[in-house]
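Novice: Have a look at this one.
Listed below in structure tokens is the structure:
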């Protein structure tokens with residue numbers, strides 16, 4: 229059975245849209261209300277950008293620029309209206325009179341980290357992500373468009389949520405309760421085989437775009453985190469994935485694809501996805517194709533390492549088998565020049581520090597600097613934030629991490645930031 233050929237849903241804000249978004253907003257409404265006075269008091273320039281940024285001077289620490297690898301001792305970072313005005317050695321910066329000063333002596337200063345695969349379903353999870361160092365992020369999908377609301381929360385109250393690229397709902401054969409996320413999806417409940425036809429795939433993408441998704445998330449394989457599923461079993465073929473990619477491109481969006489098997493990875497890349505997620509068994513031919521196309525690899529090593537610690541024997545064995553294979557794939561990808569992005573795949577109420585993914589990238593064979601780049605300049609480029617996040621330079625976002633030690637000698641310091649600054653606001 230196919231879905232009726234009707235126009236895609238309107239992107240205008242309607243009463244239907246407000247009601248459908250109520251579940252997502254429920255977790256953030258109280259936070260937005262509480263933040264309203266601060267947002268109203270934000271500098272005029274900050275409000276014009278739709279951001280509630282602050283003014284802050286960070287001085288005395290050791291500044292690392294991930295883009296160049298340059299290290300600056302006794303550095304000063306000046307943030308005005310949530311944006312970096314200057315960053316460099318003391319004496320070269322024009323420090324505004326009366327500005328709030330954060331003493332960074334004895335600490336290293338880095339840009340806020342970029343988390344390329346995370347599931348933020350509540351305001352509490354969004355706050356935890358920021359406090360653990362992820363000041364920018366890309367959603368790996370949510371059940372009821374919560375990430376759309378989290379994105380708005382980040383704009384209104386930056387310290388409450390990372391700057392977010394929202395994925396909306398998962399384009400998957402069985403939508404389950406997600407069928408209730410939007411009334412426009414309910415006709416899909418009549419489909420005997422689920423979301424598989426070109427029309428049905430296109431419909432889910434169109435609803436996501438109408439709700440304001442920045443990216444589209446789909447899958448080619450079953451899940452690794454469910455013992456009853458086989459992660460190497462393929463659920464969409466190349467033609468179906470191409471339908472998803474084509475629908476997303478019509479809306480000017482890219483696609484991230486959950487994957488494990490080599491055939492699944494290859495089909496996804498050949499279909500034109502923007503980034504391959506997980507990809508434990510990605511092979512050399514696919515990596516070469518990814519390099520040629522500029523397809524990103526987000527391996528989510530953290531999630532696979534977590535499986536190995538599971539109390540479920542099936543998941544634990546799966547994690548033990550998959551992790552070394554995935555680490556070899558990461559190193560092979562890096563050596564070939566495939567762009568890498570760090571993502572923890574955190575979900576279910578527990579947020580893992582993005583610094584843990586950097587640590588695992590390093591243990592996979594990347595240098596400390598290259599591992600840091602996967603969570604700064606590399607991930608920022610994937611998210612389309614390469615002129616906003618991933619560096620502390622003039623015109624970039626005033627998102628900062630202070631860590632207790634040299635991350636070039638010990639990347640594990642990134643797992644426990646001493647202080648986080650989000651848009652010029654110290655947490």
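In the working numbering, the protein residues as written are 229 to 655.
Virtual Cβ for every residue (Gly too), placed ideally from N, Cα, C.
Can you find the residues in the same chain that come closer than 6 Å, C-beta to C-beta, to residue 519, ignoring five residues on each side of it along the sequence?
Specialist: The residue you call residue 519 lines up with position 291 of the chain shown. Contacts found: 564, 565, 566.
Novice: Under the three-state reduction of DSSP, which class applies to residue 380: helix, strand or coil?
Specialist: Looking up residue 380 in the chain shown gives position 152. Here residue 380 sits in helix by DSSP.
Novice: Considering only DSSP beta bridges, list what residue 505 is partnered with.
Specialist: Start at 1 with the first residue of the chain shown, and residue 505 comes out as number 277. Paired residues: 486, 526.
Novice: Closest by CA to residue 190, which one among 572, 548, 561, 536?
Specialist: The chain is shown from 229 up to 655; residue 190 falls before or after that span and cannot be answered.
Novice: With three or more C-beta pairs closer than 8 Å as the rule, is the segment 287-301 touching the segment 313-333?
Specialist: Because the criterion of three Cβ pairs below 8 Å is met, the segment 313-333 and the segment 287-301 touch.
Novice: Assuming the contact rule is C-beta atoms closer than 8 Å, residue 316 and residue 304 should be a hit. Round their C-beta distance to whole Å, please.
Specialist: By 1-based counting over the chain shown, the position of residue 316 is 88. By 1-based counting over the chain shown, the position of residue 304 is 76. Contact flag correct, Cβ pair sits at about 7 Å.
Novice: Can you tell which of 583, 611, 589, 593 has its C-alpha closest to the C-alpha of residue 338?
Specialist: Position 110 of the chain shown, counted from the start, is the residue given in the question as residue 338. The residue with the shortest Cα to Cα distance from residue 338 is 583.
Novice: Where in the segment 417-484 do unbroken runs of the beta strand (DSSP E), each at least 3 residues long, occur, reported from the N-terminal end onward?
Specialist: Within the segment 417-484, the complete beta strand (DSSP E) runs of at least 3 residues are 444-447.
Novice: Identify, in the order they occur along the chain, each residue of the same chain with its Cβ nearer than 8 Å to the Cβ of residue 655, setting aside the five sequence neighbours on each side.
Specialist: The count along the chain shown starts at 1 and reaches residue 655 at position 427. Result list for residue 655: 358, 359, 387, 647, 648, 649, in chain order.
Novice: Within its chain, find whatever has a CB closer than 6 Å to the CB of residue 440; leave out the 5 residues flanking it on each side and keep chain order.
Specialist: The sequence position of residue 440 within the chain shown is 212, counting from 1. Counting only Cβ-Cβ distances below 6 Å, and skipping sequence neighbours, we find 376.
Novice: Leaving out the 5 sequence neighbours to the left and right, which residues in its chain are closer than 6 Å to residue 657 when beta-carbon positions are compared?
Specialist: The requested residue 657 is not part of the displayed model; the chain covers only 229 to 655.
Novice: Measure the Cβ-Cβ separation of residue 370 and residue 399 and say whether it is below 7 Å.
Specialist: As a working note, residue 370 is residue 142 in the chain shown. As a working note, residue 399 is residue 171 in the chain shown. No, these two residues do not count as a Cβ contact at 7 Å.
Novice: Are there three or more Cβ pairs, one per stretch, closer than 8 Å when the segment 495-505 is compared with the segment 460-472?
Specialist: Yes, since at least three Cβ pairs between the segment 495-505 and the segment 460-472 fall closer than 8 Å, the two stretches touch.
Novice: Please report how far the alpha carbon of residue 265 lies from the alpha carbon of residue 483, in whole angstroms.
Specialist: The residue given as residue 265 occupies position 37 in the chain shown. The residue given as residue 483 occupies position 255 in the chain shown. Residue confidence is low: residue 265 scores 39 on pLDDT, short of 50, so the model does not pin down where it sits. Its coordinate-derived value is still stated next. Cα to Cα, residue 265 sits roughly 37 Å from residue 483.
Novice: What does a CB cutoff of less than 6 Å around residue 605 pick up in its chain, not counting 5 residues either side in sequence?
Specialist: By one-based count along the chain shown, residue 605 stands at place 377. Within the same chain, residue 605 has close Cβ partners 294, 295, 618.
Novice: Classify residue 561 as helix, strand or coil using the three-state DSSP reduction.
Specialist: Here residue 561 is taken as the residue at index 333 of the chain shown, counted from 1. Note: residue 561 maps to helix in three-state DSSP.
Novice: Within the same chain, show all residues whose beta-carbon is closer than 7 Å to that of residue 538, passing over the 5 residues directly before and after it, in chain order.
Specialist: One-based indexing of the chain shown puts residue 538 at position 310. Answer for residue 538: 544, 547, listed in chain order.
Novice: Starting from residue 516 and walking both ways along the alpha helix (DSSP H), at which residues does that stretch end?
Specialist: In the chain shown, residue 516 corresponds to position 288, counting from 1. Its alpha helix (DSSP H) spans residues 512-521.
Novice: Based on Cα-Cα distance, which residue from 580, 430, 635 lies nearest to residue 344?
Specialist: The residue you call residue 344 lines up with position 116 of the chain shown. Checking every option, the nearest Cα to that of residue 344 belongs to 580.
Novice: Please state whether DSSP places residue 581 in a helix, a strand or coil.
Specialist: Here residue 581 refers to the residue found at position 353 when the chain shown is read from its first residue. Reduced to three states, the DSSP call for residue 581 is coil.
Novice: Tell me whether residue 195 is buried or exposed, calling it buried when 16 or more other Cβ atoms sit within 10 Å of its Cβ.
Specialist: As shown, the chain starts at 229 and ends at 655. That puts residue 195 outside it, with no answer to give.
Novice: Would you check if the distance between the CB atom of residue 653 and the CB atom of residue 282 is smaller than 7 Å?
Specialist: Residue mapping note: residue 653 aligns to position 425 of the chain shown, counting from 1. Residue mapping note: residue 282 aligns to position 54 of the chain shown, counting from 1. Cβ atoms of residue 653 and residue 282: closer than 7 Å.
Novice: For residue 320, tell me which candidate among 622, 457, 373 has the shortest Cα-Cα distance.
Specialist: Numbered from 1 along the chain shown, position 92 holds the residue referred to as residue 320. The option with the nearest alpha carbon to residue 320 is 622.
Novice: Using DSSP's beta-bridge definition, name the partner residues of residue 289.
Specialist: Numbered from its first residue, the chain shown carries residue 289 at position 61. In DSSP, residue 289 forms a bridge with 303.
Novice: Would you mind working out which of 342, 318, 327, 336 sits nearest residue 569, comparing C-alpha positions?
Specialist: Here the question's residue 569 lines up with position 341 in the chain shown. The option with the nearest alpha carbon to residue 569 is 342.
Novice: For residue 650, which of helix, strand or coil comes out of DSSP?
Specialist: Position 422 of the chain shown, counting from 1, holds the residue named residue 650. Residue 650: strand per DSSP, three-state reduction.
Novice: For residue 487, count neighbouring Cβ atoms within 10 angstroms of its own Cβ and tell me buried if that reaches 16, exposed if not.
Specialist: As a first step, residue 487 is located in the chain shown; it is residue number 259 there, counting from the start. Residue 487 comes out buried.
Novice: Compare the C-alpha of residue 438 against each of 588, 475, 423, 465 and name the closest.
Specialist: Here residue 438 refers to the residue found at position 210 when the chain shown is read from its first residue. The shortest C-alpha separation from residue 438 is found at 475.
Novice: Bridge partners for residue 343 per DSSP, in chain order?
Specialist: What you label residue 343 is simply residue 115 of the chain shown in a count that begins at 1. The partner list for residue 343 (beta bridge, DSSP) reads 365.
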